[in-house]
Every structure is written in structure tokens, then in C-alpha cells.
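First the structure, in the form of C-alpha cells, and then the observations on it.
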Amino acid sequence: MSAADYARSTWIVHRVGRAVARFFQRYDILLSPTMCKPPQPLGVLDMSTADPDAYLAAVFASIGFTSLFNSSGNPAMTLPLATSSAGLPLGVQFVARFGDEATLFRLASQLETAHPWTYPPPLADVGTTSRSRGAR
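In the working numbering, the protein residues as written are 35 to 170.
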């Protein structure tokens, strides 16, 4: 990568961060799924795979909602607020203004008080139910 490429990349990341900051001038929290689909089976995201194309496809199919905030630097958290049909936790992502981790901690505390979560679920429950947090 040339110095010009690096400078251009840095400029783009900063521009994206400013756009995200404008969004948070109007809103306190952004809510989204954490992943684009339920968790991958063990081994799919193995960086030692013999099929790097399949690995990258699986990674990009997973990170669609989180990568923006990795770039912008906004604080974000994922909470296990639902369960897949296989009994795996499904995350809900909450994002706050740059530097406003305190809002996320307060929100997490309120949500856990309202609907406590315990993960991993007991082994006997894995794969047997498809419950959301609200259905318990």
C-alpha cells in the first residue's frame, strides 16, 4: 500500500466517523442485529481453512452490522436477547455516541434487570427450543 493509499483510507475512515457522529446528534442509541445470520457452526470461521474464499464469505456474512462501528470508534455492545432454533444466543447490538459508553452500561443494566440472561444455556436445553427473551 502506498502512502497515498494509506492517506486516502484514513480520510475515508474519518469521513465515515463524521457521518456517524451526525446521526448521533439526533439519536441516543442505534439498535440492530449483531450478526447477519445465526452463529456459524464451529470450524466455519477457522482461519486455518483450506478454502479462504468460503472463510471470507462466512466472515462477511457475519459482520455486516458491526464493522461500521469498528471503523467509526463508536461504543457498541451486544446483548443475548434471543435464542436461535439451535439454542444459541442471538445478539442485539446497541451503539451510542462516540465516548458515551455510560449510556450503554445503563441500558445493559436495565435490560438485564428486566430480562436476566444466562449463557451458555444448560446443555440439556441446547437445540431443543427456540425461545425469545420476551417469551420466557
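Backbone N, C-alpha and C define an ideal beta-carbon position, used for all residues, glycine too.
From A84 to A92, what distance separates their C-alpha atoms? 14 Å
Using beta-carbon positions only, say whether M111 and F99 come within less than 8 Å of one another. no
So what does DSSP say about G98, is it helix, strand or coil? coil
Just the C-alpha distance for L65 and V126, rounded to the nearest angstrom, thanks. 7 Å
If we ignore side chains and look at the alpha-carbon of each, how far apart do T163 and H48 end up? Legend: pLDDT at T163 = 46, less than 50; position of this residue unreliable, no value from coordinates given.
Could you tell me whether the Cβ atoms of N108 and R131 are closer together than 8 Å? Yes, they are a contact pair.
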